[in-house]
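All the letters of the sequence shown, read from the start, carry residue numbers 0 to 239 under the numbering used here. Take a look at the structure set out below.
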Amino acid sequence: MFSAMAEYFKVRINSRRFTWIVCLLALTRIGAVMAVDGNSSPSAPPVYKPPSRGAPALRVGGGTRDLKFVDLSVHAMVPEHTGLTSQARPVLYWYLSAPFQGRVELTVADEKSGQPLLETAFDNVSHGGVQAVQLADYGVTLQPDVEYQWSVALVADPDQRSKDILTGGGILLAAPSQELAAKAARATEKEKVYLYAEAGYWYDAIQAAQKLVEKQPHDVAAAGMRASLLQQAGVPVEAR
0 MFSAMAEYFK
10 VRINSRRFTW
20 IVCLLALTRI
30 GAVMAVDGNS
40 SPSAPPVYKP
50 PSRGAPALRV
60 GGGTRDLKFV
70 DLSVHAMVPE
80 HTGLTSQARP
90 VLYWYLSAPF
100 QGRVELTVAD
110 EKSGQPLLET
120 AFDNVSHGGV
130 QAVQLADYGV
140 TLQPDVEYQW
150 SVALVADPDQ
160 RSKDILTGGG
170 ILLAAPSQEL
180 AAKAARATEK
190 EKVYLYAEAG
200 YWYDAIQAAQ
210 KLVEKQPHDV
220 AAAGMRASLL
230 QQAGVPVEAR
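This is the structure:
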């Protein structure tokens with residue numbers, strides 16, 4: 000009887016030991032899958048590392064308390080320095096707190112010469128929130144290593160342009176390293192957020208983050224990544 004009991008407990012112990020080994024192997028496998036380029040985890044917020052070029056602060060943001068627009072505010076979703084892009088036709092993002100009825104002017108100009116690359120206008124913005132300017136829609140191509148200043152002006156009163164509500168920022172097309180380009184080519188949209196942020200490519204990182212939010216509008220993690228980038232760039236809370 001005692002030998003039977005001993006055999007029974009021996010089997011139970013070995014069974015538990017086997018279960019623990021399986022669990023440990025599973026956890027190890029999960030950790031390996033979740034690792035992203037180095038030792039960072041996708042669950043951690045992306046870390047934006049500004050480029051070492053040291054360009055001056057260029058971001059512009061504004062608002063109005065005109066009764067017609069009731070505390071309307073507008074913010075470029077950019078850092079306080081010239082941001083880098085790896086794309087000749089990137090997307091420019093800006094935030095508007097509420098719909099706007101009026102003329103909107105969009106300009107992209109050479110920072111040094113002031114020569115405009117794009118000057119266009121349209122009427123009305125039907126909804127508040129994140130707005131996107133697709134440079135490809137306007138046939139605009141940035142030139143490498145040229146600093147540009149882009150701006151959006153909401154014309155509150157055509158007869159008093161001093162009341163314009165302005166926002167904008169700086170952008171520069173810089174070729175990525177071969178290593179970064181190769182990694183980005185095979186990366187998921189989520190991985191691109193981390194890759195580009197780490198490499199100092201603001202416009203690519205925020206575009207990847209925005210794509211995730213648009214694909215998964217109820218995903219808290221996607222919204223959190225975008226908010227983290229905007230916080231690191233110093234963009235006001237309401238625009239995050």
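Where a beta carbon is used, it is the ideal one built from N, C-alpha and C, also for glycine.
- Task: Under the assumption that V154 contacts E104 (Cβ atoms under 8 Å), give the Cβ distance between them as a whole number of angstroms.
- Result: On the sequence shown, residue 154 is found 155 positions in, with the first residue counted as 1. On the sequence shown, residue 104 is found 105 positions in, with the first residue counted as 1. Yes, they are in contact, since the Cβ atoms of V154 and E104 sit about 7 Å apart, within 8 Å.
- Message: Can you tell me whether S150 is helix, strand or coil according to DSSP?
- Response: By 1-based counting over the sequence shown, the position of residue 150 is 151. In this structure, S150 counts as strand in the three-state DSSP scheme.
- Query: Quick check: the segment 84 to 99 against the segment 194 to 208, are there 3 or more CB pairs under 8 Å?
  - Reply: Here the segment 84 to 99 lies against the segment 194 to 208, with 3 or more beta-carbon pairs under 8 Å apart.
- Query: Are A221 and V234 touching if we call contact CB-CB under 8 Å?
  - Reply: Start at 1 with the first residue of the sequence shown, and residue 221 comes out as number 222. Start at 1 with the first residue of the sequence shown, and residue 234 comes out as number 235. No. Outside cutoff.
- Near A174, what residues of its chain come up, given a Cβ to Cβ distance below 8 Å and the 5 sequence neighbours on each side ignored? The residue labelled residue 174 in the question sits at position 175 within the sequence shown. Excluding residues within five positions, the ones whose Cβ falls inside 8 Å are S85 and P143.
- Query: What are the boundary residues of the alpha helix (DSSP H) that includes L179?
  - Reply: Mapped onto the sequence shown, residue 179 falls at position 180. Where L179 is concerned, the enclosing alpha helix (DSSP H) stretches over Q177 to A184.
- Note down the Cα distance separating Y137 from V90, rounded to an integer number of angstroms. Taking the sequence shown and counting its residues from 1, one reaches residue 137 at position 138. Taking the sequence shown and counting its residues from 1, one reaches residue 90 at position 91. Approximately 11 Å between the Cα atoms of the pair.
- Within the present structure, is the beta-carbon of A221 separated from the nearest heavy atom of the ligand ADP by less than 7 Å? Of the ligands one can find in the structure shown there are none, so the ligand ADP has no counterpart to examine.
- Message: Taking 8 Å as the limit between beta carbons, can you name the residues of its chain near H74, skipping five residues before and five after?
- Response: The count along the sequence shown starts at 1 and reaches residue 74 at position 75. G60, W93, Y94, T166, V234, P235, E237 and A238.
- Task: Please classify G113: is it buried, with 16 or more other beta-carbons within 10 angstroms of its beta-carbon, or exposed?
- Result: For the purposes of this step, residue 113 is taken as the residue at position 114 of the sequence shown. When all chains shown are included, G113 counts as exposed.
- Query: DSSP on E213, reduced to helix/strand/coil?
  - Reply: Your numbering for residue 213 matches position 214 in the sequence shown. Three-state DSSP puts E213 in a helix.
- Item | Where the beta strand (DSSP E) through E79 begins and ends | Here residue 79 corresponds to residue number 80 of the sequence shown, with the count starting at 1. E79 -> no beta strand (DSSP E), and no H or E assigned at all.
- Task: Determine the extent of the alpha helix (DSSP H) in which S227 is found, giving its start and end residues.
- Result: As a first step, residue 227 must be located in the sequence shown, where it is residue number 228. Start and end: V219 to Q231.
- Message: Give me, in chain order, the residues of the same chain whose beta-carbon lies closer than 6 Å to that of R225; leave out the 5 immediate sequence neighbours on both sides.
- Response: Locating residue 225 in the sequence shown gives position 226, where the first residue counts as 1. Hits under 6 Å: A208 and V212.
- Would you report the Cα separation of P50 and V129, rounded to the nearest angstrom? Residue numbering aside, residue 50 sits at position 51 when the sequence shown is read from its first letter. Residue numbering aside, residue 129 sits at position 130 when the sequence shown is read from its first letter. Their Cα atoms are separated by approximately 25 Å.
- Can you tell me the Cα-Cα spacing of A181 and W201, whole angstroms? Translated into positions along the sequence shown, residue 181 becomes position 182. Translated into positions along the sequence shown, residue 201 becomes position 202. Taking the straight line from one Cα to the other gives about 18 Å.
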